[in-house]
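Q:
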Amino acid sequence: MRHLRRSARITTEQWRRKLACWAAAVVVGVVAVGFAMAADAAATVRGHIIAVSPWIMLGLTPAGLALSTWLTRTWFRGAQGSGIPQTIATLHLENFAIIDRLLSLRVAAGKIVLTTLGLVAGGSIGREGPSVQIGAAIMHACGRWLNLSTVSMRRGLILAGGASGVSAAFNTPLAGIVFAIEELSHSFEQRTSGTMLTGVILSGVTAIALVGNYSYFGHTDVVVPIGISWIAVPTCGILGGIGGGVFSAILIRATRGLPGGLGRFARGRPVAFAATCGLLLAVIGIASDGITYGTGYEQAHEIIDGRTHYPASFFILKFIATIISYCSGIPGGLFAPSLAIGAGFGGWVAQFLPHTTPGAVVLLGTVAYFSAVVQSPLTASVIVMEMCDNQQVTLALLATSFLAYGVSRMICSQPLYAALAEAFLDGMATAPRAPAAAPPPAPPLPAPAAR
1 MRHLRRSARI TTEQWRRKLA CWAAAVVVGV VAVGFAMAAD AAATVRGHII
51 AVSPWIMLGL TPAGLALSTW LTRTWFRGAQ GSGIPQTIAT LHLENFAIID
101 RLLSLRVAAG KIVLTTLGLV AGGSIGREGP SVQIGAAIMH ACGRWLNLST
151 VSMRRGLILA GGASGVSAAF NTPLAGIVFA IEELSHSFEQ RTSGTMLTGV
201 ILSGVTAIAL VGNYSYFGHT DVVVPIGISW IAVPTCGILG GIGGGVFSAI
251 LIRATRGLPG GLGRFARGRP VAFAATCGLL LAVIGIASDG ITYGTGYEQA
301 HEIIDGRTHY PASFFILKFI ATIISYCSGI PGGLFAPSLA IGAGFGGWVA
351 QFLPHTTPGA VVLLGTVAYF SAVVQSPLTA SVIVMEMCDN QQVTLALLAT
401 SFLAYGVSRM ICSQPLYAAL AEAFLDGMAT APRAPAAAPP PAPPLPAPAA
451 R
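Reminder that position 210 of the sequence shown reads as 210 in the UniProt record's numbering, one-by-one numbering, no gaps.
(1) Which value, in whole angstroms, describes the spacing of the CA atoms of S152 and A266?
(2) Need the endpoints of the alpha helix (DSSP H) that S152 sits in, please.
(3) Shortest alpha-carbon distance to M57 belongs to which of S338, L403, R307, Y293?
(4) Tell me where the alpha helix (DSSP H) around R127 begins and ends.
(5) Which runs of the beta strand (DSSP E) fall wholly inside the region 364–407 and span at least 3 residues, in chain order?
(6) Classify V45 as buried or exposed, calling it buried when 16 or more other Cβ atoms lie within 10 Å of its own Cβ.
(7) Under the DSSP definition of a beta bridge, which residues are partnered with G243?
(8) Is the number of C-beta pairs between the region 306–316 and the region 47–63 that are closer than 8 Å three or more?
(9) Below 8 Å on the Cβ atoms is my contact criterion, and I expect L317 with G126 to pass it. Report the Cβ-Cβ distance as a whole number of Å.
(10) If you draw a straight line from the C-alpha of A340 to the C-alpha of V373, how long is it?
(11) If you run the structure through DSSP and keep just helix, strand and coil, what is R17?
(12) List the residues that DSSP assigns as beta-bridge partners of G333.
(13) Residues in the same chain with beta-carbon distance under 6 Å from T12, minus the five sequence neighbours each way, listed in chain order, please.
(14) Report the residue ranges of all alpha helix (DSSP H) runs contained in full by the region 235–316; include only those spanning at least 4 residues, in chain order.
(15) In or out: L105 buried (at least 16 other Cβ within 10 Å) or exposed?
(16) Just the Cα atoms here: how many angstroms apart are F315 and W15?
(17) Which first and last residues belong to the alpha helix (DSSP H) in which F96 is found?
(18) Does DSSP put G344 in a helix, in a strand, or in coil?
(19) Put I81 into one of helix, strand or coil per three-state DSSP.
(20) Count the other CB atoms within 10 Å of the CB of I226; is the residue buried (16 or more) or exposed (fewer)?
(21) With three or more C-beta pairs closer than 8 Å as the rule, is the region 97–112 touching the region 173–184?
(22) Measure the C-alpha to C-alpha separation of T256 and V349 and round it to an integer number of angstroms.
(23) Starting from S68, trace the alpha helix (DSSP H) in both directions and tell me its first and last residue.
(24) With distances taken from CA atoms, which of L71, T74, F424, G237 is nearest Q375?
(25) Alpha carbon to alpha carbon, what distance is there between D289 and L280?
(26) Let me make sure I understand the geometry here. Which of D100, W70, D426 has the alpha-carbon closest to that of F273?
(27) Which of helix, strand or coil does DSSP assign to H355?
(28) Do V211 and V33 have their CB atoms nearer than 8 Å?
(29) Hey, could you find the ends of the alpha helix (DSSP H) L174 is sitting in?
(30) At the level of alpha carbons, what is the spacing between A368 and N147?
(31) Is it the case that the region 320–331 contacts the region 357–367, given that we only count it when at least three CB pairs across the two stretches are under 8 Å?
(32) Counting C-beta neighbours from all protein chains within 10 Å, is the total for G261 16 or more, i.e. buried, or is it exposed?
(33) Taking only three categories from DSSP, how would you classify G227?
(34) What did DSSP end up calling S413 once you bin it into helix, strand or coil?
(35) Report the rounded CA-to-CA distance for S124 versus D40, giving the unit in angstroms.
As structure tokens, this is what we get:
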């Protein structure tokens, strides 16, 4: 009888944990949908402001970025940037006091508010990267409430939260799973796979229940038949790999410190530096007739659908605007702007490849640049495939993605998010803390698995 009672208590506790984790995954889906609606509303508000006068952005963008940076540094430390580096960093930390700060619900709420503010102000940022940190924070809060004692279980929830955030943000459940394995953890662990898969499914189902079963960029029917059409694969793979590799190298260099007087200005007066970045963004936005502001989702969708053909200046200026937005230190992701840059690049390359369907070249350009930036070729391929609801181009997407990844690695030997996570860990290890003592240096990140 004693054994039966003990077994019953264990079973009850296990079910309590499962139900709590499932509820947290549902909350991730709800929050991701609400975040998406807030981002869309921000774009609408910005559009109305520009309709009144585009010159208003000369004041709004610097003020918005300065306010966002001040709030981040004052009230929401740990919310800066994409959110993916913070999530990766927490998977390699042993000090859960630091993890509790990085993945607190307050930081998650600040991430939503400040990313939305950045979008209103015209920053070239996205919501998908922040959704990863927000999802991880929600699942981590669930782990704290359950009082989980083992490190592996708490890390498993963080991993599940990050994957659930990607799944709900893009409505791409398979991409969420691949992203967690390839980018966040660089491995597949039997102990945490069930939690991750369940979280992805529940958050994805919740998002579908709230907004319907949609594709991020609609549905495309383009194909890349074997033959002369495949000349687009090496073309996009090589050029996109160069562009994405240069982009990643610039961001990594900027994270380690800008050179000369510019670096001293950024370190000494970060709020004024953010305002200066905002002024540059406003000038670029006015020069481009407003198409460099925000996520770039609308422009990418138009290019992929073939409704609009943008000149090369679009992806060049979007490239510059995204770098400036990141350097400013405001919260905001890189996924959506990178997809927009890739789509613009693909649309420009398509005019030189008459033997390949233009829509197919756009998809190949998108996956090439995106894969080169994140250096996660499987994740990039699956995301683009699911976002466009097109499995006919899977082989061409994979070939282009892996080629771009190889080219990018020759330019930038370290994956972007791993490098940003290491810089984040180094900064936390050396930064003074009051009143508690500074934490010991975090262990280095393991080398990413061979792909």
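The beta carbon of each residue, even a glycine, is placed where N, CA and C say it ideally should be.
Computed from a predicted structure; not experimentally measured.
A: With the structure as the only source:
(1) Along the sequence shown, read from residue 1 onward, the residue named residue 152 stands at position 152. Along the sequence shown, read from residue 1 onward, the residue named residue 266 stands at position 266. Roughly 38 Å separates the two Cα atoms.
(2) Taking the first residue of the sequence shown as position 1, residue 152 is located at position 152. Run containing S152: 151–170, per the alpha helix (DSSP H) assignment.
(3) In the sequence shown, counting from the first residue as 1, residue 57 sits at position 57. Across the set S338, L403, R307, Y293, the C-alpha of Y293 shows the shortest separation from the C-alpha of M57.
(4) What you label residue 127 is simply residue 127 of the sequence shown in a count that begins at 1. Here R127 belongs to no alpha helix (DSSP H), and DSSP marks it neither H nor E.
(5) Segments of the beta strand (DSSP E) lying fully in the region 364–407: there are none.
(6) Taking the sequence shown and counting its residues from 1, the one referred to as residue 45 is at position 45. The residue in question, V45, is exposed, as its Cβ has fewer than 16 Cβ neighbours within 10 Å.
(7) Sequence index remark: in the sequence shown, residue 243 carries index 243 (1-based). Paired residues: none, contrary to the question.
(8) The region 306–316, when compared against the region 47–63, does not touch it at the 8 Å Cβ threshold.
(9) If you number the sequence shown from 1, residue 317 lands on position 317. If you number the sequence shown from 1, residue 126 lands on position 126. In fact, because the Cβ distance is near 17 Å, the residues do not count as touching under 8 Å.
(10) Along the sequence shown, one-based indexing puts residue 340 at 340. Along the sequence shown, one-based indexing puts residue 373 at 373. Going from the Cα of A340 to the Cα of V373 covers about 13 Å.
(11) Against the sequence shown, residue 17 aligns to sequence position 17. Correct three-state label for R17: helix.
(12) Working through the sequence shown from its first residue, we reach residue 333 at position 333. The partner list for G333 (beta bridge, DSSP) reads G126.
(13) Here residue 12 corresponds to residue number 12 of the sequence shown, with the count starting at 1. In its chain, beyond the 5 residues on either side, no residue has a beta carbon closer than 6 Å to the beta carbon of T12.
(14) 260–268, 270–287, 297–305
(15) Counted from its first residue, the sequence shown places residue 105 at position 105. The residue in question, L105, is exposed, as its Cβ has fewer than 16 Cβ neighbours within 10 Å.
(16) Here residue 315 is taken as the residue at index 315 of the sequence shown, counted from 1. Here residue 15 is taken as the residue at index 15 of the sequence shown, counted from 1. Between F315 and W15, the C-alpha separation is close to 50 Å.
(17) Locating residue 96 in the sequence shown gives position 96, where the first residue counts as 1. Note, F96: alpha helix (DSSP H), 96–102.
(18) As a first step, residue 344 must be located in the sequence shown, where it is residue number 344. In the structure shown, G344 sits in a helix (DSSP, three-state: H, G or I).
(19) Here the question's residue 81 lines up with position 81 in the sequence shown. The displayed chain sequence assigns Gly, not Ile, to residue 81. Strand.
(20) Here residue 226 refers to the residue found at position 226 of the sequence shown. When all chains shown are included, I226 counts as exposed.
(21) Fewer than three beta-carbon pairs drawn from the region 173–184 and the region 97–112 are found closer than 8 Å, and the two stretches are therefore not classed as touching.
(22) Along the sequence shown, one-based indexing puts residue 256 at 256. Along the sequence shown, one-based indexing puts residue 349 at 349. Note that residue 256 corresponds to Arg in the displayed sequence, not to Thr. Distance between the alpha carbons of R256 and V349 is about 33 Å.
(23) In the sequence shown, counting from the first residue as 1, residue 68 sits at position 68. Per DSSP, S68 belongs to the alpha helix (DSSP H) from 57–74.
(24) Walking along the sequence shown from the start, residue 375 turns up at place 375. Closest option to Q375, Cα to Cα, is G237.
(25) What you label residue 280 is simply residue 280 of the sequence shown in a count that begins at 1. What you label residue 289 is simply residue 289 of the sequence shown in a count that begins at 1. Computed Cα separation, rounded: 14 Å.
(26) Residue 273 sits at position 273 when you count from the first residue of the sequence shown. For F273, the nearest C-alpha among the options comes from W70.
(27) As a first step, residue 355 must be located in the sequence shown, where it is residue number 355. Coil at H355, not helix or strand.
(28) The residue labelled residue 211 in the question sits at position 211 within the sequence shown. The residue labelled residue 33 in the question sits at position 33 within the sequence shown. Using a Cβ distance threshold of 8 Å, V211 and V33 count as a contacting pair.
(29) Along the sequence shown, one-based indexing puts residue 174 at 174. Start and end: 173–179.
(30) Residue mapping note: residue 368 aligns to position 368 of the sequence shown, counting from 1. Residue mapping note: residue 147 aligns to position 147 of the sequence shown, counting from 1. When rounded, the separation of the alpha-carbon atoms in A368 and N147 is 43 Å.
(31) Not touching, per the Cβ criterion.
(32) The residue labelled residue 261 in the question sits at position 261 within the sequence shown. Counting Cβ neighbours within 10 Å, G261 comes out exposed, since fewer than 16 surround it.
(33) The residue labelled residue 227 in the question sits at position 227 within the sequence shown. G227 falls in the coil class under three-state DSSP.
(34) Your numbering for residue 413 matches position 413 in the sequence shown. Coil.
(35) On the sequence shown, position 124 is the one that residue 124 refers to. On the sequence shown, position 40 is the one that residue 40 refers to. Approximately 14 Å, taken between the alpha carbons.
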